[in-house]
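Counting from 1, one number per residue, gives the positions in the sequence shown under our numbering.
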Amino acid sequence: MNFRITTNQLWVFLLALLMACSSKDTPQSSQGFDCTKSTLLLQAATTTNPTTCSGSDGSITPNATGGETPYQYAIGGGAYSSVLGFTGLSAGKYTIKVKDKNGCEKTQEVTLASPNSTVAITSIDKTISGCGTSTGSITVNATGTGLTYRKNTEAFVSTSTFSNLAPGSYQVTVKDASNCTTTQTVQVLSSIKFSDVQAIVNTNCAVSGCHVSGGTAPFALTTESAIKSRATSIKSATQSKSMPKGGSLSQSDINAIACWVDDGAN
């Protein structure tokens, strides 16, 4: 059976398709209102900042105009409500939304600020730790009133020095009397230098038939750049004892390579 489409039928089909695309491209509310023609606006909101850095007594009152009342309001990913204003807020950035009777929506970013605070970390003194030992230290120098100090997620204490630290990364936090905080990341280094690792690699890994130019291995470890660029792989291979062949490295050599890599492989 043959079907033949006339020119008029083709034009009707194309017109219907064009109208359908135009309809989809025009922002419509859930009520079918063309929101591109809405006058709904969110003016500057009325805000109250929290009284302390850890407080949650801040508030935001949206200021909607235009569109068609009544309005509904939402904060973040919360549900819409007819209640005007949001309370019990801590410092931070919030997304405020308004929806009018026609279902049209507007969004606004509002930031609540922490109270003024002078707490600041001015400098950090640190000492190195031996590889495999816990002899490092961190001393935090800070400004502010009523300061207390914390390492990682431990409790705040009055002393600004943390001792008996192994090599690794630490977060130190200073808190003032208003519960305002400031945090910095500190790296406690081991005593391992590149020259120490280079000696281990040259003696045990960059040997005949292994990681040398012209050998059968996938890469050479005869230069500083080669060793540093493959530091993570070297650490992994030596810890699994797949490198060097036969796993002939001592545990102290394996630990030294790991400490050097964890320090940043510089």
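Don't be surprised by glycine CBs; every beta carbon is placed ideally from N, CA and C.
Remember, predicted model here, so these are calculated numbers, not experimental data.
Assignment of GLU109 by DSSP, reduced to helix, strand and coil, places it in the strand class. With a 10 Å radius around the Cβ and a threshold of 16 neighbouring Cβ atoms, LYS241 comes out exposed. The beta carbon of GLY130 sits closer than 6 Å to those of SER191, all from its chain and outside the five residues before and after it, given in chain order. ASP125 is bridged by DSSP to THR139.
In this structure, the alpha-carbon of MET243 lies about 12 Å from that of SER250. Unbroken beta strand (DSSP E) runs of no fewer than 3 residues, entirely contained in the segment 44 to 76, are found at 58 to 65 and 72 to 75, following chain order. A Cβ-Cβ separation of about 6 Å places PRO167 in contact with ASP262 under the 8 Å criterion. In the structure shown, the three-state DSSP call for LYS101 is coil. Check the Cα spacing between LYS151 and each of THR139, SER137 and GLN171: the tightest is with GLN171. In the three-state reduction of the DSSP assignment, VAL174 falls in the strand class. DSSP places VAL119 in no alpha helix (DSSP H); its state is neither H nor E. When secondary structure is reduced to three states using DSSP, LYS235 falls in the helix class. When beta bridges are read from the DSSP output, SER81 appears opposite TYR73. Less than 7 Å separates the beta-carbon of SER90 from that of SER56. Judged by beta-carbon spacing, GLU109 lies beyond the 7 Å limit of LYS97, meaning their Cβ atoms are not closer than that value. THR181: member of the beta strand (DSSP E) spanning 181 to 188, first to last residue.
Put simply, the backbone Cα of TYR80 is about 27 Å away from that of THR51. Across the structure, ASN266 and ILE257 are spaced so that their CA atoms are roughly 12 Å apart.
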